[in-house]
Amino acid sequence: MKISKIASAVVLTMGVASFAAQADQGSGKIKFWGSIIDAPCSIKNGYGDQSIELGQISNTHLDNGGISTPRPFSIELENCSFAKDSNGDPMYNTVTVTFNGGNVPNDMTMLAITGQAAGAGVRIEDYSGTMVTLDKPTAGRILGIGNNSLSFSAYLEKIASVTNVTPGEFEAVTNFTLAYQ
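Under mature numbering (1 follows the signal peptide of the UniProt record, and there is no 0), read the sequence shown as residues -23 to -1, 1 to 158, first letter to last.
Right, dumping it as structure tokens:
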């Protein structure tokens, strides 16, 4: 009888242990990634890679010399801190932005589109309304300690040498590079 009680206790304990081992109440994996950059400011999360929707634009409006509604976007900088020179003045607190990508032939201020649509391109303007020239740095912006916003807008416009804009889906891609002076 004593052996029977011990055997029952062992079987009961093993059954409870195996049930507890089988009960998965949720698990997962979290991956953290990024990069450490050699710069006085960090690019705020979500502002390095962006998607800007320009919307559904009338080809007739573009053919008649119109542009799409400019869509604002920004490059947000955070945690800016600057080394000081021997006079105590901040160094590397001015930034330029260079946009690059495929341009429309003979127009370095218009980013080429790809897709079904044709005959138009994307223009980018800086915060002052100055048109950005691809592969050329923008005017320098003086930065403050902490967080800073570099504001731009983008819009679609008909290519001057094209007779009619072709409707369809499109996209354009530009990369940007920051340079501190």
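Glycine included, each C-beta is placed from N, C-alpha and C at the ideal position.
Between the CA atoms of residue j and residue i - distance to the nearest angstrom
i	j	result
Y24	A131	15 Å
G42	S35	11 Å
T115	S19	19 Å
A156	S28	22 Å
D62	T73	20 Å
N77	S58	27 Å
A(-1)	K8	25 Å
I44	L133	6 Å
N22	E30	19 Å
P67	Q158	10 Å
N141	A94	11 Å
Coil, strand or helix - residue i by DSSP
i	result
T154	strand
C18	coil
N80	strand
V74	strand
K8	coil
K113	coil
Bounding residues of the alpha helix (DSSP H) (the contiguous stretch that carries residue i)
i	result
D40	N36 to D40
Assigned exposure category for residue i - 16 Cβ within 10 Å defines buried
i	result
M85	exposed
T107	exposed
K135	buried
P17	buried
T37	exposed
V150	exposed
F129	buried
F147	buried
N125	buried
G123	exposed
The beta strand (DSSP E) enclosing residue i, as first and last residue numbers
i	result
L120	Run containing L120: none; DSSP gives neither H nor E here.
A137	First-last for A137: undefined, no H or E at that position.
S67	It is worth fixing the name first, because residue 67 is Pro in this sequence and not Ser. Note, P67: premise wrong, no beta strand (DSSP E); not H, not E.
Per DSSP, the bridge partner or partners of residue i
i	result
E53	S126
A131	R48 and I101
M108	E102
F147	G92
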